[in-house]
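K.L.:
Dropping a structure here in structure tokens format, bear with me for questions.
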Amino acid sequence: MRISTKGRYGLTIMIELAKRHGEGPTSLRVIAGAHNLSEHYLEQLIAPLRNSGLVRSIRGAYGGYVLGREPETITAGDIIRVLEGPISLVEGIEDEEPAKRELWIRISDAIKGVLENTTLEDLAKHTDDNGQSDAYMFYI
Numbered sequence: 076m077r078i079s080t081k082g083r084y085g086l087t088i089m090i091e092l093a094k095r096h097g098e099g100p101t102s103l104r105v106i107a108g109a110h111n112l113s114e115h116y117l118e119q120l121i122a123p124l125r126n127s128g129l130v131r132s133i134r135g136a137y138g139g140y141v142l143g144r145e146p147e148t149i150t151a152g153d154i155i156r157v158l159e160g161p162i163s164l165v166e167g168i169e170d171e172e173p174a175k176r177e178l179w180i181r182i183s184d185a186i187k188g189v190l191e192n193t194t195l196e197d198l199a200k201h202t203d204d205n206g207q208s209d210a211y212m213f214y215i
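Here it is as structure tokens:
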């Protein structure tokens, strides 16, 4: 399984909204500027997140986006599925010999477990003393 730019930048949007949860709407311009990303590209990613109910848009001069649910109820898996589609490591494993099939299933289950058990709240809290994000280390 490879997470594309869509998934990575989508997680960035969602983590930023989680960090600002309860503070009102955040514009994509602010998020793009904070991470040196293309605002236009983030606009393309926000539509499926909004359509899925993970984010809500707020209109007006001070508008922007807010989370559609509480950050502790949104998982990394929710976000990746919306932007990347189903989470699967290997396709066509039913034709594999049993030992390899079992290995692929165990690896896939481990990845899904990490994605499903990591919430936006977890990711938003993961910052160093300067407020900068640390590398999030996952052990499978």
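Quick note, in the numbering used here, the sequence shown goes up one by one and the last residue is 215. C-beta atoms are modelled at their ideal positions from N, C-alpha and C, and glycine is treated no differently. All values derive from a computational prediction rather than experimental measurement.
What span of residues does the alpha helix (DSSP H) with Tyr116 cover, start to end?
P.N.:
For the purposes of this step, residue 116 is identified with residue 41 of the sequence shown, where counting begins at 1. Note, Tyr116: alpha helix (DSSP H), Glu114 to Asn126.
K.L.:
If you drop the 5 nearest sequence neighbours on each side, which residues of the same chain put their C-beta closer than 6 Å to that of Glu147?
P.N.:
The sequence position of residue 147 within the sequence shown is 72, counting from 1. Excluding residues within five positions, the ones whose Cβ falls inside 6 Å are Thr194 and Glu196.
K.L.:
Extract the residue ranges of the beta strand (DSSP E) inside the region 128-199, only unbroken runs of 3 or more that lie entirely within it.
P.N.:
Taking only runs of at least 3 residues, the beta strand (DSSP E) segments lying wholly in the region 128-199 are 130-133 and 139-142.
K.L.:
How many Å lie between Ala107 and Lys81 at the Cα?
P.N.:
Here residue 107 refers to the residue found at position 32 when the sequence shown is read from its first residue. Here residue 81 refers to the residue found at position 6 when the sequence shown is read from its first residue. Roughly 14 Å between the two C-alpha positions.
K.L.:
Closest to Ile121 by C-alpha separation, out of Ser183, Leu142, Ala109 and Asn111, would be which residue?
P.N.:
Counting from one through the sequence shown, the residue named residue 121 turns up at place 46. For the residues Ser183, Leu142, Ala109 and Asn111, the minimum Cα distance to Ile121 belongs to Leu142.
K.L.:
If you compare alpha carbons, which of Glu114, Ile149, Asn192 and Ser163 is closest to Ser127?
P.N.:
For this step, residue 127 is matched to residue 52 along the sequence shown. Out of Glu114, Ile149, Asn192 and Ser163, Ile149 has the C-alpha closest to the C-alpha of Ser127.
K.L.:
What's the gap between the Cα of Ile180 and the Cα of Ser79?
P.N.:
Sequence index remark: in the sequence shown, residue 180 carries index 105 (1-based). Sequence index remark: in the sequence shown, residue 79 carries index 4 (1-based). Whole-angstrom Cα-Cα distance: 22 Å.
K.L.:
Which residues in the same chain as Glu20 place their Cβ atom closer than 6 Å to its Cβ, once the five residues preceding and following it in sequence are excluded?
P.N.:
There is no way to answer for residue 20, as the model of the chain reaches only from 76 to 215.
K.L.:
What residues are listed by DSSP as bridge partners for Ala101?
P.N.:
Start at 1 with the first residue of the sequence shown, and residue 101 comes out as number 26. At residue 101 the sequence reads Thr, which differs from the Ala that was named. For Thr101, which the question treats as bridged, DSSP gives the partners Tyr140.
K.L.:
I need the straight-line Cα distance from Gly188 to Glu98, nearest angstrom please.
P.N.:
For the purposes of this step, residue 188 is identified with residue 113 of the sequence shown, where counting begins at 1. For the purposes of this step, residue 98 is identified with residue 23 of the sequence shown, where counting begins at 1. So the alpha carbons of these two residues sit roughly 31 Å apart.
K.L.:
Helix, strand or coil: how does DSSP classify Ile78 here?
P.N.:
Taking the first residue of the sequence shown as position 1, residue 78 is located at position 3. Coil.
K.L.:
With burial defined as no fewer than 16 other Cβ atoms inside 10 Å of the residue's Cβ, what is the status of Tyr84: buried or exposed?
P.N.:
Taking the sequence shown and counting its residues from 1, the one referred to as residue 84 is at position 9. That one is buried.
K.L.:
Exposed or buried, Ala174, counting other C-beta atoms within 10 Å across all chains shown (16 or more means buried)?
P.N.:
Taking the sequence shown and counting its residues from 1, the one referred to as residue 174 is at position 99. Classification for Ala174: exposed.
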